[in-house]
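Below is one structure, written out as structure tokens, with a few remarks after it.
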Amino acid sequence: MSKVNVYSINVKGLNSPRKRRLLFRELRRKSIEIAFLQETRIPKLAAFRLSDPAYSRTYVSCSTPKHNGVAILLRNSCPMIVEEVHADGMGRCLIVRGTISSQPYSLIALYGPNCPDASFWDDTRDFINSHARGRIIMGGDFNATLCPPVDRSDPRGDRLTQPPSSQDSQYHSFVQELGLIDIWRIQHPSTRDYTFYSQVHNSYSRIDCFLTSPDCIPTVVSSDIGSITWSDHADVSLKLTPFAPSPGRRWRLDPFLLNKPGVSDTIREATSEYFQLNDTPDISPQTLWAAYKPVMRGKLLSLAAYHKKLKLADITSLQTQLRQYELQHKSSPSSDTFTALSKVRSDLNLLFVEDAGRALLWSKQRYYDRSNKMDSPMARLINPRSQFSPITVIRDRDGSSHKTPQAIRDAFTKYYTALYDHSPDHTHTNRVLMQEIDSYLTGASLPRLPESRMETLIEAITEEEIGKALGYMKPHKAPGPDGFTYHFYKSFAAELIPRLLHTFNDMLTGGIPPAESLMASIVLLPKPGRDPQLVENYRPISLINTDLKLFTKILSLRLDKLLGSLIHPDQVGFIPNRQAFENTRKTADLIWYASAHRVPSLFISLDAEKAFDRAEWPFLFSLLEHLGFPSAYVAAVQALYSSPSAQVVIPGTDGIPFNIRNGTRQGCPLSPALFALFLEPLLQHIRLDSSIRGILIQGNEYKLSAYADDVLISISQPLSSLPNVLRILSDFARLSGYKINMDKSEAIPIHMGEGDMSFIRSYFPVAASLTSIKYLGIYLSTDPGLMYDVNYAPLLSRIKRDLENWDKYAISWMGRIYCVKMTVLPRLLYFFQALPIAIPPEDLHRLQRAIDKFIWRGKRHRISRATLYRPKDAGGLGLPCLLSYYYAAQLAQIV
Numbered sequence: 001m002s003k004v005n006v007y008s009i010n011v012k013g014l015n016s017p018r019k020r021r022l023l024f025r026e027l028r029r030k031s032i033e034i035a036f037l038q039e040t041r042i043p044k045l046a047a048f049r050l051s052d053p054a055y056s057r058t059y060v061s062c063s064t065p066k067h068n069g070v071a072i073l074l075r076n077s078c079p080m081i082v083e084e085v086h087a088d089g090m091g092r093c094l095i096v097r098g099t100i101s102s103q104p105y106s107l108i109a110l111y112g113p114n115c116p117d118a119s120f121w122d123d124t125r126d127f128i129n130s131h132a133r134g135r136i137i138m139g140g141d142f143n144a145t146l147c148p149p150v151d152r153s154d155p156r157g158d159r160l161t162q163p164p165s166s167q168d169s170q171y172h173s174f175v176q177e178l179g180l181i182d183i184w185r186i187q188h189p190s191t192r193d194y195t196f197y198s199q200v201h202n203s204y205s206r207i208d209c210f211l212t213s214p215d216c217i218p219t220v221v222s223s224d225i226g227s228i229t230w231s232d233h234a235d236v237s238l239k240l241t242p243f244a245p246s247p248g249r250r251w252r253l254d255p256f257l258l259n260k261p262g263v264s265d266t267i268r269e270a271t272s273e274y275f276q277l278n279d280t281p282d283i284s285p286q287t288l289w290a291a292y293k294p295v296m297r298g299k300l301l302s303l304a305a306y307h308k309k310l311k312l313a314d315i316t317s318l319q320t321q322l323r324q325y326e327l328q329h330k331s332s333p334s335s336d337t338f339t340a341l342s343k344v345r346s347d348l349n350l351l352f353v354e355d356a357g358r359a360l361l362w363s364k365q366r367y368y369d370r371s372n373k374m375d376s377p378m379a380r381l382i383n384p385r386s387q388f389s390p391i392t393v394i395r396d397r398d399g400s401s402h403k404t405p406q407a408i409r410d411a412f413t414k415y416y417t418a419l420y421d422h423s424p425d426h427t428h429t430n431r432v433l434m435q436e437i438d439s440y441l442t443g444a445s446l447p448r449l450p451e452s453r454m455e456t457l458i459e460a461i462t463e464e465e466i467g468k469a470l471g472y473m474k475p476h477k478a479p480g481p482d483g484f485t486y487h488f489y490k491s492f493a494a495e496l497i498p499r500l501l502h503t504f505n506d507m508l509t510g511g512i513p514p515a516e517s518l519m520a521s522i523v524l525l526p527k528p529g530r531d532p533q534l535v536e537n538y539r540p541i542s543l544i545n546t547d548l549k550l551f552t553k554i555l556s557l558r559l560d561k562l563l564g565s566l567i568h569p570d571q572v573g574f575i576p577n578r579q580a581f582e583n584t585r586k587t588a589d590l591i592w593y594a595s596a597h598r599v600p601s602l603f604i605s606l607d608a609e610k611a612f613d614r615a616e617w618p619f620l621f622s623l624l625e626h627l628g629f630p631s632a633y634v635a636a637v638q639a640l641y642s643s644p645s646a647q648v649v650i651p652g653t654d655g656i657p658f659n660i661r662n663g664t665r666q667g668c669p670l671s672p673a674l675f676a677l678f679l680e681p682l683l684q685h686i687r688l689d690s691s692i693r694g695i696l697i698q699g700n701e702y703k704l705s706a707y708a709d710d711v712l713i714s715i716s717q718p719l720s721s722l723p724n725v726l727r728i729l730s731d732f733a734r735l736s737g738y739k740i741n742m743d744k745s746e747a748i749p750i751h752m753g754e755g756d757m758s759f760i761r762s763y764f765p766v767a768a769s770l771t772s773i774k775y776l777g778i779y780l781s782t783d784p785g786l787m788y789d790v791n792y793a794p795l796l797s798r799i800k801r802d803l804e805n806w807d808k809y810a811i812s813w814m815g816r817i818y819c820v821k822m823t824v825l826p827r828l829l830y831f832f833q834a835l836p837i838a839i840p841p842e843d844l845h846r847l848q849r850a851i852d853k854f855i856w857r858g859k860r861h862r863i864s865r866a867t868l869y870r871p872k873d874a875g876g877l878g879l880p881c882l883l884s885y886y887y888a889a890q891l892a893q894i895v
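full-length UniProt numbering puts the first residue of the sequence shown at 1, with every later residue one more than the last.
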């Protein structure tokens, strides 16, 4: 940010959706970081109305009736770390206290009474003295002036001869006792300007302003008074010196830009001209395509600026006229100047209303079209997203705390730099390592691709393949560092697919993408239930450039057809035609068998630490060669890992690129298949080791269940089997980078004595539960008879509780049917399929009645149940019949 924009205005009520849209449109247009609002008139129970995606940190002080009300809004990018919030309970004063770059600040929103009230000013002064710390920035409508002769106009011309009102005197004493200063008057000592016009008294006054503590003076670049437009008060603003160094702006394609008149035609012409001029034999396809993107980015930026200029031209002109007429009317109020002023203000408000009205109409139409269907608005209504929470403080592994955006960025960068280069000596040039890997893979007796199927992996990519892969991609998914979404590629598919064809086929035959194409942006999501101040408790999401993801999607679609022949049925994660419930049912059956036949057994759920991120490339690429992958395909995959890098995205900072030297890249469509292949040698060694005894049933031995990195090992004779399991895990970890997190791994013993368990704990310090462990969302109980109690009972209770919570929303009865199909049915279906246990029919009947009550809101309905449950294409309404789904799921398992 070049400067920090702070804004304050009396909004005269924000219960109107149109007025709220005008406010947030203004805040976004002016890039306001901190906004002080007065007289919001929003009751306590409706404070959520002030929420906005760009200003998710909203702090309010409301009173029970619809009067008063103040609020402070912080933009998501504002680096303030909020520590305490104090409200007076009357909707007149709000204090938000925190730190910015380790400097304590107190932001205060205040709405003064419009009549003399000495007790208010005394109580408010004490309230501020009790809670405010550090630098103070107070924005408010004080309904009083500090210096009436210059802060009030008087049509009679005798203001200098009249004493200040008691309200002005009380306000003046309040400011003096707190030691605050009127920053606008400091910067404009002889200027007369006002923020409110009273038509009744035909006079102006400056009752809205910013008060600051003296130590804020060096940080204030400028202070200004705006115009009276959509509110009857003018806004006041401050520009502060930056809280942090200005970061480079991250460009992302505006999804609405391509819909503006002439933009698509201009891009098509520019694309054609670019390739006609630059597609020469001496330029490689990789360089040609890499250079195309910044050229188009510059073109799109210029088009966006042009259309923005057109959009704001009329508003800017009217605002200029409005300011001129306001200054004339303030200096010499007359009916003529007021008429002209009102005409310009009306025209400007009409533009604002039309703009907000179009947005509101589109929003209402979109909500009407999609809110009662199985779509995003419905999902967000009944399962709202967690509120945006900026990363304000981080502790690294050394225990040091970091609070500034730059220090937080550096802590994450240091952590991920070490994670993505955890074994610097593990390279292809390490001959001893490569020999050990070769020996390990040879001993795994892995299957090989048949010669007849190799050609399908390396045959030339076609335009049809690119179109098919593009069809799988969502148009507005978050892009990589280049900023281009799939919306761009889909909009210009006819022009770009032939060019992508040359680029992709060049990569398939040995072409190396430029380093900037392999750059990724890492955004961080806090792990639920973990301490958000620890650097390791964030899930890194890699945003890779969309063109690279499109190429890897093609490679992935080709590989998917062969995975079933290369990976054992024990592994069901990301393998076509395999499902997670296959392993949960198998494991539940094994636990039942071991318990019924009194077989001493141990079931161990392994937790791999950063499994996808720690996979080492020498092991992975050697594995692909052992599996018989064509050298051209291996080379294409290696090209994707030739020089990748990433940068951590922290708002308010520029990313610092670092190299990646291990791991399958998150966000890459090929990564799940590569990881499944990467893990197969470990699972195969466990299967082949005769010293590890699994659960033997009718001549078949069962040792493993895996869903990607969620591995569950089932062994009998644990005292002799477990040391060999640990040996194999250690060998695999030493060569591949795979690492087990002992603290998070769990085990359940079946028919094992305490002496045996003590011996096992000395070898394998894993948490042992005597009741159950959770695997793939299912609780596996040591007592099969309790399987229903630990799984279905909590699930049915949660569903009934959700139905009661959702009942308060304004959803049509048809929308409620979609709500059940979208959220309730998938949860039940997974349990129906994943657990081989019986459900009492009466429990499903009770839940079905709860669903009927939710749909009809407890009222009687005249539609027969046959019509209600009949599919829509057969003339029914398609309400799920839970008992039918349950029986169908059980029959499918038998078949």
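Virtual Cβ for every residue (Gly too), placed ideally from N, Cα, C.
Discussion item. Give me the residue from 382, 612, 413 with the minimum Cα distance to residue 809.
Written reply: Counting from one through the sequence shown, the residue named residue 809 turns up at place 809. Measuring from the Cα of residue 809, the nearest candidate turns out to be 382.
Fill in: Same chain, Cβ closer than 6 Å to residue 767, neighbours up to 5 away in sequence not counted
For the purposes of this step, residue 767 is identified with residue 767 of the sequence shown, where counting begins at 1. Cβ neighbours of residue 767 beyond the five flanking positions: 746.
Fill in: Separation of residue 632 from residue 889, as counted between CA atoms
In the sequence shown, counting from the first residue as 1, residue 889 sits at position 889. In the sequence shown, counting from the first residue as 1, residue 632 sits at position 632. Their Cα atoms are separated by approximately 44 Å.
Worksheet item: Would DSSP call residue 7 helix, strand or coil?
Response: On the sequence shown, position 7 is the one that residue 7 refers to. It is a strand residue.
Discussion item. Buried or exposed for residue 339, going by 16 or more other Cβ atoms inside 10 Å?
Written reply: Counting from one through the sequence shown, the residue named residue 339 turns up at place 339. Under this definition residue 339 is an exposed residue.
Fill in: Identified DSSP bridge partners for residue 748
Mapped onto the sequence shown, residue 748 falls at position 748. Within the DSSP bridge table, the entry for residue 748 names 603 as partners.
Worksheet item: So residue 50 is in the beta strand (DSSP E); what residue range does that whole segment cover?
Response: The residue labelled residue 50 in the question sits at position 50 within the sequence shown. No beta strand (DSSP E) holds residue 50; DSSP gives it neither H nor E.
Discussion item. Quick check: the region 478–487 against the region 565–580, are at least 3 beta-carbon pairs closer than 8 Å?
Written reply: No, the region 565–580 does not touch the region 478–487.
Worksheet item: Which value, in whole angstroms, describes the spacing of the CA atoms of residue 664 and residue 449?
Response: Counting from 1 along the sequence shown, the entry for residue 664 is found at position 664. Counting from 1 along the sequence shown, the entry for residue 449 is found at position 449. Using only the alpha carbons, I get a separation of about 22 Å.
Worksheet item: Are residue 780 and residue 591 closer than 8 Å when you measure CB to CB?
Response: Looking up residue 780 in the sequence shown gives position 780. Looking up residue 591 in the sequence shown gives position 591. Contact annotation: residue 780 and residue 591 have beta-carbon atoms nearer than 8 Å.
Discussion item. Helix, strand or coil for residue 194? Go by DSSP, reduced to three states.
Written reply: In the sequence shown, the residue the question calls residue 194 occupies position 194. The answer is coil: DSSP assigns residue 194 none of H, G, I, E or B.
Worksheet entry | Close beta carbons around residue 142, own chain, < 6 Å, minus the five adjacent residues each side | The count along the sequence shown starts at 1 and reaches residue 142 at position 142. Correct list, in chain order: 112, 171, 207.
Practice prompt. Tell me whether residue 140 sits in a helix, a strand or coil according to DSSP, three-state version.
Written response: Here residue 140 corresponds to residue number 140 of the sequence shown, with the count starting at 1. Correct three-state label for residue 140: strand.
Item to complete: Per DSSP, which residues does residue 296 bridge with? Please list them.
Response: For the purposes of this step, residue 296 is identified with residue 296 of the sequence shown, where counting begins at 1. As far as DSSP is concerned, residue 296 takes part in no beta bridge.
Practice prompt. Tell me whether residue 859 sits in a helix, a strand or coil according to DSSP, three-state version.
Written response: Sequence index remark: in the sequence shown, residue 859 carries index 859 (1-based). If DSSP states are grouped into helix, strand and coil, residue 859 belongs with coil.
Discussion item. Tell me the DSSP secondary structure of residue 503 in three-state form.
Written reply: For the purposes of this step, residue 503 is identified with residue 503 of the sequence shown, where counting begins at 1. The answer is helix: DSSP assigns residue 503 an H, G or I state.
Fill in: Collapsed DSSP secondary structure at residue 33 in the structure displayed
By 1-based counting over the sequence shown, the position of residue 33 is 33. The three-state secondary structure of residue 33, taken from DSSP, is strand.
Discussion item. Could you tell me the alpha carbon to alpha carbon distance between residue 10 and residue 250, rounded to whole angstroms?
Written reply: Translated into positions along the sequence shown, residue 10 becomes position 10. Translated into positions along the sequence shown, residue 250 becomes position 250. The C-alpha of residue 10 lies about 33 Å from the C-alpha of residue 250.
Worksheet item: In this structure, does DSSP put residue 681 in helix, strand or coil?
Response: Reading the sequence shown from its first residue, position 681 is the one you call residue 681. For residue 681, the secondary structure class from DSSP, reduced to helix, strand or coil, is helix.
Worksheet item: Roughly how many angstroms separate the alpha carbons of residue 737 and residue 614, rounded to a whole number?
Response: By 1-based counting over the sequence shown, the position of residue 737 is 737. By 1-based counting over the sequence shown, the position of residue 614 is 614. Those two C-alpha atoms are separated by around 5 Å.
Discussion item. Here's the rule I'm using: 16 or more other beta-carbon atoms within 10 Å means buried, otherwise exposed. How should residue 676 be labelled?
Written reply: As a first step, residue 676 is located in the sequence shown; it is residue number 676 there, counting from the start. In this structure residue 676 is buried. Its beta-carbon is surrounded by 16 or more other beta-carbon atoms within 10 angstroms.
Worksheet item: Which one of 186, 835, 744 has the shortest CA to CA distance from residue 791?
Response: Translated into positions along the sequence shown, residue 791 becomes position 791. Restricting attention to 186, 835, 744, the CA atom closest to the CA of residue 791 is found in 835.
Discussion item. Check whether the region 561–570 and the region 542–550 touch, using three or more Cβ-Cβ pairs below 8 Å as the test.
Written reply: The region 561–570, when compared against the region 542–550, does not touch it at the 8 Å Cβ threshold.
Discussion item. Considering Cα atoms alone, identify which of 497, 69, 40, 73 is closest to residue 56.
Written reply: Counting from one through the sequence shown, the residue named residue 56 turns up at place 56. For residue 56, the nearest C-alpha among the options comes from 73.
Worksheet item: Taking just the CA atoms, how far does residue 666 sit from residue 489?
Response: In the sequence shown, residue 489 corresponds to position 489, counting from 1. In the sequence shown, residue 666 corresponds to position 666, counting from 1. Roughly 22 Å between the two C-alpha positions.
Worksheet item: Looking at C-alpha atoms only, which residue of 53, 651, 740 is the closest neighbour of residue 392?
Response: Here the question's residue 392 lines up with position 392 in the sequence shown. The shortest Cα separation from residue 392 among 53, 651, 740 belongs to 651.
Worksheet item: Do residue 778 and residue 817 come within 8 Å of each other at the CB atom, strictly closer than that value?
Response: In the sequence shown, the residue the question calls residue 817 occupies position 817. In the sequence shown, the residue the question calls residue 778 occupies position 778. Taking 8 Å as the Cβ cut-off, residue 817 and residue 778 do not qualify as a contacting pair.
Discussion item. Considering just the uninterrupted stretch of the beta strand (DSSP E) at residue 93, what are its terminal residues?
Written reply: For the purposes of this step, residue 93 is identified with residue 93 of the sequence shown, where counting begins at 1. Looking at the DSSP string, the run of the beta strand (DSSP E) that includes residue 93 is 93–100.
Worksheet entry | Whole-angstrom distance between residue 267 and residue 276, CA atom to CA atom | Counting from 1 along the sequence shown, the entry for residue 276 is found at position 276. Counting from 1 along the sequence shown, the entry for residue 267 is found at position 267. For residue 276 and residue 267, the distance between alpha carbons rounds to 14 Å.
Worksheet item: When DSSP labels each residue in this structure, what does residue 269 get in the three-state scheme?
Response: Here residue 269 refers to the residue found at position 269 when the sequence shown is read from its first residue. Here residue 269 sits in helix by DSSP.
Practice prompt. Below 7 Å CB to CB, which residues in the same chain sit around residue 178 once its five sequence neighbours on both sides are set aside?
Written response: Sequence index remark: in the sequence shown, residue 178 carries index 178 (1-based). Within the same chain, Cβ atoms closer than 7 Å to the Cβ of residue 178 are found at 125, 128, the five residues on either side in sequence being excluded.
Fill in: residue 166: first and last residue of the uninterrupted alpha helix (DSSP H) it sits in
Indexing the sequence shown from 1 puts residue 166 at position 166. Counting along the chain, the alpha helix (DSSP H) containing residue 166 begins and ends at 166–178.
Worksheet item: Just checking, does the region 14–27 make contact with the region 236–243 on the three C-beta pairs under 8 Å criterion?
Response: The region 14–27 is not in contact with the region 236–243.
Practice prompt. Note down the Cα distance separating residue 901 from residue 805, rounded to an integer number of angstroms.
Written response: Lying before the first or after the last residue shown, residue 901 is absent from the chain, which here runs from 1 to 895.
Item to complete: Indicate the three-state DSSP secondary structure (helix, strand or coil) for residue 307 in the structure shown.
Response: Sequence index remark: in the sequence shown, residue 307 carries index 307 (1-based). In the structure shown, residue 307 sits in a helix (DSSP, three-state: H, G or I).
Practice prompt. Measure the C-alpha to C-alpha separation of residue 879 and residue 871 and round it to an integer number of angstroms.
Written response: Locating residue 879 in the sequence shown gives position 879, counting from the first residue. Locating residue 871 in the sequence shown gives position 871, counting from the first residue. Answer to the nearest angstrom: the Cα atoms are 8 Å apart.
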